[in-house]
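Residue numbers (numbering that gives the first Met the number 0), protein chains in the order written: chain A, 0 to 501; chain B, 0 to 335.
Positions of the beta carbon are idealized from the N, C-alpha and C atoms, including for glycine.
What follows is a set of notes on a single structure, which appears directly below.
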Amino acid sequence: MLEDINALFHGFAVALTPFNLLLMFIGVTLGVIIGVLPGLGGANGIAILLPLTFSMPPTSAIIMLSCIYWGALFGGAITSILFNIPGEPWSVATTFDGYPMAQQGRAGEALTGAFTSSFIGALFAVVMITFLAPLVARFALQFGPPEFFAVYFLTFCSFIGMGKEPPFKIMASMMLGFALAAVGIDTVTGQLRLIFGWHELMRGFDFLIAVIGLFGIGEILLSMEEGLSFSGSSAKIDPKIVLETWKKLPKYWLTSLRSCLIGCWLGITPGGATPASFMSYGVAKRISKDGAKFGSGQLEGVVAPETAAHAAGTSALLPMLSLGIPGSPTAAVLLGGLLIWGLQPGPLLFVEQKDFVWGLIASMYLGNIAGLVIVLTCVPLFAAILRVPFSIIAPIIIVICAIGAYTVHNAMLDIWFMLLFGVAGYVFKKLAYPLAPLVLALVLGDRAEDSFRQAMLIAQGDMRIFFSNWLVGSIMALGLVMLFWPLVSKLLASLRASKAPA
Amino acid sequence: MRIQRAFSRGVMPLLAVFGLSMAAPAAAWEPAKPVEFVIPAGTGGGADQMARLIQGIVVKHNLMKQSLIPINKSGGAGAEGFLDVKGSKGDPHKIIITLSNLFTTPLATGVPFGWKDLTPVAMLALDQFVLWVNAETPYKTATEYLDAVKKAGPNKFKMGGTGSKQEDQIITVAIEKAAGVKFTYVPFKGGGEVATQLVGKHIDSSVNNPIEAVAQWRAGKLRALCVFDDQRMPYKTKVTDTMSWNDIPTCKESGVPTDYVMLRGIFMSPGVSKDQVEFYVNLFKKVRETPEWKDFMEKGAFNQSFMTGQDYVKWVEKNEALHRDLMKEAGFLAKP
């Protein structure tokens with residue numbers, strides 16, 4: 000332990016050279032820009048910039064690239080809150096309360112809340128990486144296909160049980176998402192599915208195209224119908240907003256702590272930041288005493304998913320470093336970078352490349368602080384974007400959305416799909432069907448299906464594999480409880496009611 | 000309406016910059032604009048790593064005036080990337096790095112493309128496959144392991160691999176035939192995931208590439224049983240405390256007559272001129288001379304065969320026939 004602290008301080012010394020500090024600020028700024036532009040995303044951004052770093056020393060290179068990663072994580076929240084366009088899958092849950100807040104003219108508050116919680120989540124995860132790395136890495140090895148499926152199952156169940164819409168509308172939306180997720184190549188059989196002989200379809204439907212369309216374009220269509228203006232435009236810009244929001248945040252310490260734990264758990268396993276943010280939002284809604292008001296612009300509803308997403312995003316780097324398995328697409332690209340710089344991720348990295356590992360961990364602390372400072376100083380600026388007249392900003396958003404949709408696969412067809420999803424999003428909202436379950440199923444449906452079928456192969460079709468050990472059994476049981484919670488709670492209430500008179 | 004206009008005004012010119020291209024052949028040809036480097040696989044995989052390394056080397060050693068831009072087109076097990084290059088006839092500013100899906104994807108899915116639709120440039124290297132088991136199991140040799148598999152009966156042992164009806168499963172079927180055993184094959188999305196699942200004992204063995212499993216091997220979590228090539232790997236530097244890549248016996252030596260290597264090669268658009276192919280051949284010759292490339296080859300224990308022109312075509316021809324036979328026997332061919 001003491002040795003670790005020494006190593007960490009050595010790491011700070013490595014990270015704090017002026018050159019590395021400069022790279023850190025460049026990285027975070029680039030990351031925020033990448034996070035704001037939908038379609039570019041952290042993974043693509045890093046992949047594009049990776050070759051530039053080959054002529055740098057590995058430690059400087061990873062500091063810059065991981066700072067892009069932090070920046071992108073921060074940046075994803077901005078468009079979610081201001082325009083209801085999540086730039087990354089894990090920002091979807093942030094829109095639930097973040098966008099209503101912006102519409103009520105509280106964009107500054109929502110942004111400050113989101114950035115600060117992101118920082119807290121990341122910090123919690125980094126502290127955990129610093130002290131528990133070897134212990135935690137072993138936990139990740141416990142996860143085989145049945146355990147992965149159990150985690151996805153839990154995410155879906157917590158979603159069905161918690162929505163304010165009727166459960167059957169949620170199911171319908173989710174099933175549509177599953178169907179879209181099945182398009183393209185099937186990992187288990189290696190066959191193309193649901194493409195009806197149309198080869199353009201074989202890349203499947205990317206999450207980003209669906210989200211940009213459903214949320215972004217759909218929202219603009221709605222605004223056009225409602226009179227061509229953003230409802231948040233009256234927001235006054237007050238630099239003190241940051242401090243005022245900070246005063247409110249300590250109230251939610253329990254939510255934060257819970258979200259940190261959920262995030263770290265899912266980041267390490269590696270379930271990823273997306274299930275983490277949804278699950279954390281769902282749990283907060285269920286437990287919080289203001290739970291019923293979630294979705295109408297609660298600060299707590301921004302804190303929960305943002306904290307969890309960042310805790311997960313940060314702890315996802317741990318399995319990458321210590322086992323060589325990436326916990327997220329961005330981590331996968333970073334992993335490629337490590338190999339090219341001549342570093343071998345894996346159990347021996349901590350022993351053989353002390354400078355590098357502790358330099359990276361120190362840069363996680365510093366990069367997040369740098370990130371927080373940069374984004375917080377810009378809060379009034381971001382919030383001011385909403386004061387630009389709708390007729391100017393809407394076309395700009397649509398162009399940026401189209402570029403984003405095109406960038407994902409460099410395919411023109413995706414832009415048409417985006418517009419189609421936009422119309423679908425508009426219709427969904429008019430009919431009061433929720434969009435988020437569709438998106439969730441689209442992101443995770445594929446992976447859930449893979450792990451289910453892998454588990455079935457391993458068990459030769461025996462469903463008992465999902466209750467074969469304490470780990471998978473308890474996650475599955477928790478999932479079932481979440482699924483039937485509305486029924487269970489009604490039952491409990493009626494029991495209590497019938498007992499009371501006696 | 001306003002949206003439509005803004006859309007076409009804003010995006011179209013941008014698309015033109017990214018996508019469309021003109022062929023402009025000239026004497027002693029050189030790329031006149033950035034070259035698209037298509038990767039028919041996802042980010043972070045073996046082909047992706049190699050392509051991005053090449054891009055880095057080209058920038059660092061200033062090997063090309065124009066830049067090289069890697070683009071992942073992984074849809075449909077890589078078919079998206081191959082169809083893209085097939086469709087850009089005569090465009091010399093587009094090259095593609097291949098893995099075995101050049102052969103397996105059209106055979107397994109029936110998507111219409113093949114290497115004959117592309118122009119062969121060069122073979123960069125061949126990737127090896129090694130039979131791995133968890134280091135905590137008692138099996139010291141391939142024979143011991145396969146005897147145990149045989150004894151346990153069909154489908155009791157689980158072989159993990161990347162993808163379905165692709166190289167890992169083809170090797171698995173080949174082992175099954177050679178040793179008279181039957182595995183349950185469990186497909187995963189990536190090689191790193193397979194190695195981790197093996198360390199966590201969720202599967203019993205894998206046929207990972209060296210680079211996918213080397214970290215766990217060095218940490219003493221995995222044991223290498225044999226390599227699927229007709230001779231041992233040449234790298235004699237100790238990788239683990241006691242072993243080098245060269246110490247791993249071939250599967251043939253261990254009584255499992257199976258060999259398989261995977262092409263890491265470059266192709267370009269159909270209908271390009273000889274000058275244009277020549278430019279890229281020279282470019283990759285230069286890439287192979289750099290210390291970064293040599294280092295990468297040794298780390299991943301690659302077979303460093305380099306071929307161009309007629310030799311390369313012959314090799315590809317032979318391998319396509321081989322894949323067709325293997326996949327036909329395994330019942331992996333797409334139904335017409």
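query	result
Span of the beta strand (DSSP E), counted from its first residue to its last, around E448/A	Element bounds for E448/A: not the beta strand (DSSP E) but the alpha helix (DSSP H), 435-458.
Spatial distance of A101/A from V241/A (CA atoms)	15 Å
CA nearest to the CA of C259/A, picked from L64/A, S117/A, D96/A, V91/A	S117/A
Cα-Cα separation, N409/A to P248/B	45 Å
Contact belief for V407/A with I208/A at Cβ below 8 Å, rounded distance in angstroms	6 Å
The beta strand (DSSP E) enclosing N133/B, as first and last residue numbers	129-133
Residues that I96/B bridges to, as DSSP identifies them	I265/B
Collapsed DSSP secondary structure at I157/B in the structure displayed	Ile is not the amino acid found at residue 157/B; the sequence shown has Lys there. K157/B falls in the strand class under three-state DSSP.
Any chain B beta carbon closer than 7 Å to T58/A	no
Inter-residue Cα distance where the pair is T154/A and V282/A	10 Å
Buried or exposed (CB count within 10 angstroms, at least 16 for buried), G335/A	buried
Where G219/B falls: helix, strand or coil (DSSP)	coil
Proximity to A92/A [Cα-Cα], best of G478/A, A492/A, L434/A, N19/A	L434/A
Extent of the continuous alpha helix (DSSP H) run through Y280/A	272-286
S507/A - DSSP class collapsed to helix/strand/coil	Because chain A in this structure spans residues 0 to 501, residue 507/A falls outside the shown range and cannot be described.
H92/B: contacting residues in chain A (beta-carbon distance under 7 Å)	Chain A residues near H92/B: none, gap ~14 Å exceeds 7 Å.
Contact under 7 Å by Cβ, N367/A with W89/A	no
Short-range partners of chain B found in the stretch 448-468 of chain A, where Cβ spacing is below 8 Å	D449, Q453, L456, I457, Q459
CA-to-CA distance, P85/A to P50/A, given in whole angstroms	28 Å
Touching by the beta-carbon criterion (3+ pairs, under 8 Å), the stretch 223-238 of chain B and the stretch 185-196 of chain B	no
Any chain B beta carbon closer than 7 Å to R285/A	no
Those residues which DSSP pairs with L67/B across a bridge	V34/B
Short Cβ contact (7 Å threshold) for L224/B with A141/B	yes
Nearest to L213/A (by Cα), restricted to the options G424/A, L491/A, F465/A	G424/A
Burial state of G460/A, where buried means 16 or more other Cβ atoms lie within 10 Å	exposed
Per-residue contacts from A76/B into chain A (C-beta, under 7 Å)	I184, G189
Cut-off 7 Å between Cβ atoms - residues of its own chain near A54/B, not counting five sequence neighbours on either side	Note that residue 54/B is Gln in the sequence shown here, rather than Ala. Same-chain partners within the cutoff: F36, L67, P69.
As assigned by DSSP and simplified to three states, the class of S204/B	strand
Beta-carbon spacing of I384/A, A401/A below 7 Å	no
Neighbourhood of S497/A by C-beta, 7 Å cutoff - its chain only, sequence neighbours within 5 removed	none
T241/B (DSSP reduced to helix, strand or coil)	coil
Burial state of P111/B (16 or more Cβ within 10 Å)	exposed
Unbroken stretches of the alpha helix (DSSP H), 4 residues or longer, contained in the stretch 288-366 of chain A	299-314, 316-322, 328-339, 348-351
Sub-7 Å separation of I96/B and I265/B beta-carbons	yes
Short Cβ contact (7 Å threshold) for A310/A with G262/A	yes
Cβ of F53/A within 7 Å of any chain B Cβ	yes
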